[in-house]
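Chemist:
There are 2 protein chains.
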Amino acid sequence: MSTLTLREPKYQELKNRLSQIRDLEAAASVLNWDQTTYMPTGGAYARGRQIATLKEFAHEKFTDPAIGQLLEDLRPYENSLSYDSTEASLIRITRRDYDRAVRVPSEFMAKFCQHQAVSYEAWVKAKSVKDFSSVQPYLERTLDLSRELASFFPYQHIADPLIDFADEGMTVSILRPLFSQLRQKLLPIVEAITSAPLIEDSCLYQHYPKQHQLNFGRTVIERIGYDFQRGRQDETPHPFTSSFSIGDVRITTRVYEENFTEALFSTVHEVGHALYEQGIALELEGTPLAEGTSSGIHESQSRLWENMVGRSRGFWECFYPQLQGIFLKQLSRTSISEFYRAINRVAKSCIRTDADEVTYNLHVMIRFDLELAMLEGELAVSDLPDAWNERYKTDLGIVPADDSEGVMQDVHWYGEMIGGMFQGYTLGNLIAPQIYEAAVKFDPEITVAIERGNFTLLHKWLKQNIYQYGRKYTANELIRRVTGADLSIDPFINYIQDKYSEIYKIKLATYATKN
Amino acid sequence: MSTLTLREPKYQELKNRLSQIRDLEAAASVLNWDQTTYMPTGGAYARGRQIATLKEFAHEKFTDPAIGQLLEDLRPYENSLSYDSTEASLIRITRRDYDRAVRVPSEFMAKFCQHQAVSYEAWVKAKSVKDFSSVQPYLERTLDLSRELASFFPYQHIADPLIDFADEGMTVSILRPLFSQLRQKLLPIVEAITSAPLIEDSCLYQHYPKQHQLNFGRTVIERIGYDFQRGRQDETPHPFTSSFSIGDVRITTRVYEENFTEALFSTVHEVGHALYEQGIALELEGTPLAEGTSSGIHESQSRLWENMVGRSRGFWECFYPQLQGIFLKQLSRTSISEFYRAINRVAKSCIRTDADEVTYNLHVMIRFDLELAMLEGELAVSDLPDAWNERYKTDLGIVPADDSEGVMQDVHWYGEMIGGMFQGYTLGNLIAPQIYEAAVKFDPEITVAIERGNFTLLHKWLKQNIYQYGRKYTANELIRRVTGADLSIDPFINYIQDKYSEIYKIKLATYATKN
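Same order as they appear, the protein sequences are chains A and B. Mapping to my numbering: the first sequence position 259 is 259, numbers consecutive. Mapping to my numbering: the second sequence position 493 is 1008, numbers consecutive.
(1) So residue 271 of chain A is in the alpha helix (DSSP H); what residue range does that whole segment cover?
(2) Between residue 247 of chain A and chain B, is there a C-beta pair that is closer than 8 angstroms?
(3) Is the stretch 419-434 of chain A touching the stretch 299-308 of chain A, taking contact as three or more C-beta pairs under 8 angstroms?
(4) Would you mind telling me which residues of chain A sit closer than 9 angstroms to residue 629 of chain B, beta carbon to beta carbon, in chain order?
(5) Starting from the Cα of residue 156 of chain A, find the closest Cα among A/412, A/438, A/146 and A/172 and give me that residue.
(6) Return the chain-ordered list of same chain residues with a C-beta closer than 6 angstroms to the C-beta of residue 619 of chain B, the five sequence neighbours on each side being excluded.
(7) Would you mind telling me which residues of chain B sit closer than 9 angstroms to residue 24 of chain A, beta carbon to beta carbon, in chain order?
(8) Examine chain B for any beta-carbon lying closer than 8 angstroms to the beta-carbon of residue 285 of chain A, and answer yes or no.
(9) Which two residues bound the contiguous beta strand (DSSP E) that contains residue 749 of chain B?
(10) With DSSP run on the structure shown, which of helix, strand or coil describes residue 244 of chain A?
(11) Flag this pair as yes or no: are the beta carbons of residue 384 of chain A and residue 370 of chain A separated by less than 8 angstroms?
(12) If you measure beta-carbon to beta-carbon, which residues of the stretch 732-749 of chain B are closer than 9 angstroms to chain A?
(13) Restricting to runs no shorter than 4 residues, where is the alpha helix (DSSP H) found entirely within the stretch 72-130 of chain A?
(14) Does the beta-carbon of residue 910 of chain B have 16 or more other beta-carbons within 10 angstroms, so that it is buried, or is it exposed?
(15) Is any beta-carbon of chain A found at less than 8 angstroms from that of residue 767 of chain B?
(16) Consult DSSP for residue 767 of chain B and reduce its assignment to one of helix, strand or coil.
(17) Below 6 angstroms CB to CB, which residues in the same chain sit around residue 411 of chain A once its five sequence neighbours on both sides are set aside?
(18) Roughly how many angstroms lie between the CA atoms of residue 682 of chain B and residue 875 of chain B, to the nearest whole one?
(19) Apart from the five residues on each side of it in sequence, which residues of its chain come closer than 6 angstroms, Cβ to Cβ, to residue 346 of chain A?
(20) Which one of A/496, A/17, A/499 and A/182 has the shortest CA to CA distance from residue 71 of chain A?
(21) Buried or exposed: which applies to residue 743 of chain B, given that a residue is buried once 16 or more other Cβ atoms fall within 10 Å of its Cβ?
(22) Cβ atoms of residue 372 of chain A and residue 159 of chain A: under 8 angstroms apart, would you say?
(23) So, using beta-carbon positions, are residue 255 of chain A and residue 235 of chain A closer together than 8 angstroms?
(24) Beta-carbon within less than 7 angstroms of residue 147 of chain A's beta-carbon, same chain only, minus the 5 sequence neighbours each way: which residues are those?
(25) So what's residue 44 of chain A in DSSP terms, helix, strand or just coil?
(26) To the nearest angstrom, report how far apart residue 145 of chain A and residue 775 of chain B are at their CA atoms.
(27) Is residue 463 of chain A helix, strand or coil when you go by DSSP?
(28) What residue from B/977, B/755 and B/535 has the CA that sits closest to residue 815 of chain B's CA?
(29) With a floor of 4 residues, list each alpha helix (DSSP H) that falls wholly inside the stretch 832-869 of chain B, ordered by position along the chain.
(30) Does the separation of the CB atoms of residue 470 of chain B and residue 782 of chain B fall below 8 angstroms?
(31) Return no unless some Cβ of chain A is closer than 8 angstroms to the Cβ of residue 1006 of chain B.
(32) Quick one: what does DSSP say residue 59 of chain A is sitting in, helix, strand or coil?
(33) Quick one: Cα of residue 806 of chain B to Cα of residue 797 of chain B, how far?
(34) Verify the CB distance criterion: does residue 293 of chain A have a CB-CB separation below 8 angstroms to chain B?
(35) The ligand FAD and residue 969 of chain B: does the residue's C-beta get closer than 7 angstroms to at least one heavy atom of that ligand?
(36) Taking the alpha helix (DSSP H) that residue 141 of chain A falls in, what are its first and last residues?
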């Protein structure tokens, strides 16, 4: 390929331009990471401006007509190459991004970003005083702007372009029936599990000193395969993963001393995201391909490591003795089985981010449906809190005590937009078991190896089949390549049924299939 | 002024453009700070590229002919305003920067930056194996490029444009006689002091645990006036100060557990730089005025706090009891007088950065003279080590054991350029006492207040007379405004004579004036 590459200076020019644009974006990410981790409060004012400037220049550079021209000029070159080649993929994905970027006027983006910032501030205040009405006008404007954003694109359903930003190729016409089918299967499973005796999990809510939690977490994620030579871990109020290059992918963690699960599982979750970004092929560095391919695939990797690995019996066969050694006082009287059941307790609750893996998707689908209803004009923002509470009553049998635990709990609608914000979470939950099934089918040793503390088999398989490609393939292409099938809810339902039948000693299959 | 400002949209446009350019520069600084403090090693490759891109875009945006046009269009507006106004100053300083920036072709800058990077790498290696010959070819190229850089400007002496970058208004014809006069006065002082019995300073070279050193340092710099709401302190191999905005000015520190002086005095030194940047008037935020005005003035502020305050008897009247309390084992048998003499011990040595304030300028002037000789073509790079050692023998009576302690000790020539690199250090040492004299003349309470641990009087005076202006005035303008006189070596010589006559119980005035 290198001779062809040399023969095509326009390809090099495109790559050079894209690399510089990526540098601006990476700089914005570093500034954002710094803002969240170490920046003194006095830096806040200028920092907002600095990040905005970097993003504006990145956008300006990317929407330069010269890029459009290069992409046109490179069509014959692209067509002469295989679809799977890095060169063809780079041109194809860049063209897709470019077409998307030039549709949205810069003035609109500036206006929207500015609104997002003030809306976010209003939400922080409104949430703290539990007053939805004070943020309502901002949310109404967000809805207008979200609709306007969608209007720059052709669509069948107005949410489609917004969903497409995060999960390319997904549309309401695909997701609505898929989610509806999932909900129908999930509701009776949740009902059956929550009718069974509640699992005792008080062992998790003792005093777990912070430094010991951090040390144990570090042992775990190093063993899993997180590369500290190409990453680091810091503490922030909300955990996140941030990639500045393939050689620098950082995670953050928050620790609650009275709740053992928070730090560990959110760390493993973020490491799932980070392994993906660290595992991208080095030849993609500095190109738009050097990222996870979609919100759903990204989330599938974090959930795979967090839940399917981190909350598996085999994982704790490996780590529980060590954990007991560190927290002797807290755990010496808790057997591995009790601990395993405790970390997999299912309960109906109000807060999505605290939800177990069985009820989690119900939380997500409530938000997805409400987003669509708002975008369709079927639901007014003023009626949103009631609609929210109504659905929580129907699906989870509880009503939030107030709007801060209800409609205002997630930042997404208030800091970003309405539309495309939530489907990725459930897609991730569905894709994870579908991919994991394929991995285990390829090499059944994977699960046995995990019990022995060997995560390399799984990590290598994921790198080879998912991580290395970055954005070369869309989510749908990737799922088909890896599993030989299209996205399906069956692996997830099977996973849940098998795991929780055993944990709760009930036959979930009966419930799931009778619907 | 606000009505005039409103009436002139071109001024606003200029400000907006400059603010965005500053954002790019600030981003580059954040990325550099991160690289030095927290970045994992895997991030290095992409980080170099990211910083280069930011600087390139900043340069590209600044040399945009539209800025030149705005500056032209704003001439009448500038002329209608007072010289001291922020608006007139902004236009004046920006024009100066712009004229300087557009003279240097972008291709040259790119070439030079690239060379600086490889030369720096070569120096790191060469220094570690004490082999000047391996870095010599790089240094020869640096000399060529430094001369080429100078050639884009009109000059009397080829070093003038290079000096002007850091210390505007300074030229070889001003500095050569000034430094020569200084050297003539200093040599006999150094001779006299070093002929006196050596001060016992072993109390400083005991084991001082790191965390205690950091805690004490933090107490000191908070008391001095460093604002941790608008800054922070981290550890790095080489201490530096980095400003990302007036609200975010950070310092770094290195700690040697077997040498008490290193961490504390370098911290106070960096805080001197940081107080300057934190003290700039907020209305200058986001403009090119929001910086220290010259290398010499900047260094004067760090040296003023490090030496004139931090190494003063009054300072330790305040802090020594506290220090003894923290390091009881180390210092209980050392009186304040012994301690004060120890931290002011004068000795001939090879390393500039470790030098006391009396011999320090001799180190600097050696480098200054050698820079000029190389630029003039009077000294070949291959003869540099010999010339270096020769001058050390003449001026300091010692010869470095090898080139890593000699000609390769400072990064400047290897990582930046030849010319304009060193005069700022001595200018700072001269300006500091000249400014301090003016401060104490204005309010004699300043020195008494320091003994009582009150640094506010001095800090406020400096803010009012130096810091707030940023780059509004050049160094020469500022010195004249503050002291009513031009730069002079007398305050420095008087300061040294008074202080060290007392410490060494000898009459230095005799030596100084007889030359």
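A virtual CB, placed ideally from N, CA and C, is assigned to each residue, including glycine. Owing to the predicted nature of the structure, the values given are computational and were not obtained by experimental measurement.
Modeler: In terms of the structure at hand:
(1) It spans 260-278 - the alpha helix (DSSP H) in which residue 271 of chain A sits, taken as one unbroken run.
(2) It does; some Cβ of chain B falls within 8 angstroms.
(3) Touching, yes.
(4) Residues of chain A passing the Cβ test: none, with the nearest at roughly 15 angstroms.
(5) Comparing Cα positions, the closest option is A/172.
(6) Listed in chain order, the non-local C-beta contacts of residue 619 of chain B below 6 angstroms within the same chain comprise 667, local neighbours out to five positions each way being set aside.
(7) Proximity of chain B to residue 24 of chain A at the Cβ level (cut-off 9 angstroms) is accounted for by 539, 542, 565, 568, 569 and 572, in chain order.
(8) With a threshold of 8 angstroms between beta carbons, residue 285 of chain A makes contact with chain B.
(9) In the DSSP annotation of this structure, the continuous segment of the beta strand (DSSP E) that includes residue 749 of chain B starts and ends at 748-750.
(10) In the structure shown, the three-state DSSP call for residue 244 of chain A is strand.
(11) Taking C-beta atoms as the reference points, residue 384 of chain A and residue 370 of chain A count as a pair closer than 8 angstroms.
(12) For the stretch 732-749 of chain B, which is checked against every Cβ of chain A, the residues closer than 9 angstroms are 742, 743, 744, 745, 746, 747 and 749.
(13) Taking 4 residues as the shortest admissible run, the stretch 72-130 of chain A contains the following complete alpha helix (DSSP H) segments, listed from N- to C-terminal end: 75-79, 86-103 and 106-128.
(14) So residue 910 of chain B ends up on the buried side.
(15) False, the Cβ-Cβ gap to chain A never drops below 8 angstroms.
(16) In the three-state DSSP reduction, residue 767 of chain B falls in the strand class (E or B).
(17) If we look at residue 411 of chain A and ignore the five residues flanking it on each side, it has no Cβ neighbours.
(18) Spanning the alpha carbons of residue 682 of chain B and residue 875 of chain B requires a straight line of approximately 19 angstroms.
(19) Excluding residues up to 5 positions away in sequence, 193, 356 and 358 lie with their Cβ nearer than 6 angstroms to the Cβ of residue 346 of chain A in the same chain.
(20) Of the listed residues, the one whose Cα sits closest to residue 71 of chain A is A/17.
(21) Exposed: under 16 other Cβ atoms inside 10 Å.
(22) Result yes, Cβ atoms of residue 159 of chain A and residue 372 of chain A sit closer than 8 angstroms.
(23) Cβ distance < 8 angstroms, so residue 255 of chain A and residue 235 of chain A count as in contact.
(24) Around residue 147 of chain A: 158 and 375.
(25) Residue state, collapsed to three classes: helix.
(26) In a straight line, the C-alpha of residue 145 of chain A is about 60 angstroms away from that of residue 775 of chain B.
(27) Residue state, collapsed to three classes: helix.
(28) That would be B/977, whose Cα lies nearest to the Cα of residue 815 of chain B.
(29) The stretch 832-869 of chain B is shown to contain whole alpha helix (DSSP H) runs of 4 or more residues at 843-846 and 851-857, in chain order.
(30) An answer regarding residue 470 of chain B cannot be provided, because it is not within the stretch 516 to 1030 covered by chain B.
(31) No, no contact with chain A.
(32) Three-state DSSP puts residue 59 of chain A in a helix.
(33) Using only the alpha carbons, I get a separation of about 11 angstroms.
(34) So no, residue 293 of chain A is outside the interface.
(35) In terms of ligand content, the structure shown is empty, and the ligand FAD therefore cannot be addressed.
(36) For residue 141 of chain A, the uninterrupted alpha helix (DSSP H) run begins and ends at 132-151, by DSSP.
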